[in-house]
Structure formats: C-alpha cells, structure tokens
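Note that the UniProt record's numbering numbers the sequence shown so that position 60 is 60, with each residue one more than the last.
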Amino acid sequence: MKYVKYVLSFIFVGVMAMIVCIPFYIVYLAQQPATPEQLTEITQDTPCAAEAFKEAINYQSEPLTLSKANKIASECRKRNEMAEALRVRENERNKIREKQLQALNDAHSAKER
C-alpha cells in the first residue's frame with residue numbers, strides 16, 4: 001500500500017509540474033523565429049499575410065517570430081473580413097438604389113401614357 005501511495009504522489013507531482021511548465025514552454029516556442037515551413041503554412045491559410053510577412057522581415061531588425069507572424073495573419077484576416085463586409089453592404093445599397101430608380105422610371109413612364 002505504501003508503494004502505491006508513493007507512485008500516486010510521484011504521478012501527482014509530475015502532472016502538476018507539467019501543468020505549471022507547459023504554458024511557459026508554449027510562450028517560449030512562440031518567441032522563437034518562425035520557420036519557413038510555419039510561414040508557408042500560415043500563408044496557405046491566410047494568403048494576404050505573405051506580403052505583410054515580407055514587409056516585416058525587410059523592415060524589422062530581428063527575425064519574425066511565430067507569435068508575431070500569427071498576429072500579422074490575424075490582422076490581415078480581420079481586414080479582409082471587414083473589406084468583404086463593406087463590399088456586401090455597398091452591393092446591397094446599390095441594389096436598393098437601382099430598384100428605387102427603376103420604380104421612379106416606371107412611375108414616370110406610366111405618368112406619360
């Protein structure tokens with residue numbers, strides 16, 4: 001029974017150590033320079049980020065980190081989503097204006113008859 005108690009204590013301490021250490025390791029990895037493979041994978045998911053990556057690499061003195069690359073891609077994605085929403089709204093407004101003009105033209109044509 002004593003043996004089981006020691007094993008369980010060891011497992012508990014190990015799990016707790018992992019719970020404490022893993023977040024630090026994740027932060028450490030995010031601060032490492034992004035590999036070409038990681039940048040390629042991000043640009044496949046977010047094509048607009050490629051140009052922003054080039055600018056960041058050319059104008060920053062330090063290498064592009066994975067966390068910075070993900071942040072750039074996220075901002076690019078948000079800009080694209082906002083631009084798409086604006087295009088959709090503009091198209092809807094144009095359709096409404098066309099319908100209004102058509103209704104006025106129809107009313108004017110009916111009045112002339």
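Every residue, glycine too, gets a C-beta built ideally from N, C-alpha and C.
Here the structure is a predicted model, which means the values were calculated and not measured.
- At a cut-off of 4 residues, the continuous stretches assigned as alpha helix (DSSP H) that sit fully inside the region 6 to 64 are 36 to 45 and 49 to 59.
- When C-beta atoms of the region 17 to 26 are compared with those of the region 46 to 65, fewer than three pairs fall below 8 Å, so the two segments do not count as touching.
- For the 9 Å CB-CB criterion, C48 and N70 do not form a contact.
- Collapsing the DSSP output to three states places M1 in coil.
- L39 and E84 have their alpha carbons spaced roughly 24 Å apart.
- Apart from the 5 residues on each side of it in sequence, A50 sits with its Cβ closer than 8 Å to the Cβ of T43 in its chain, given in chain order.
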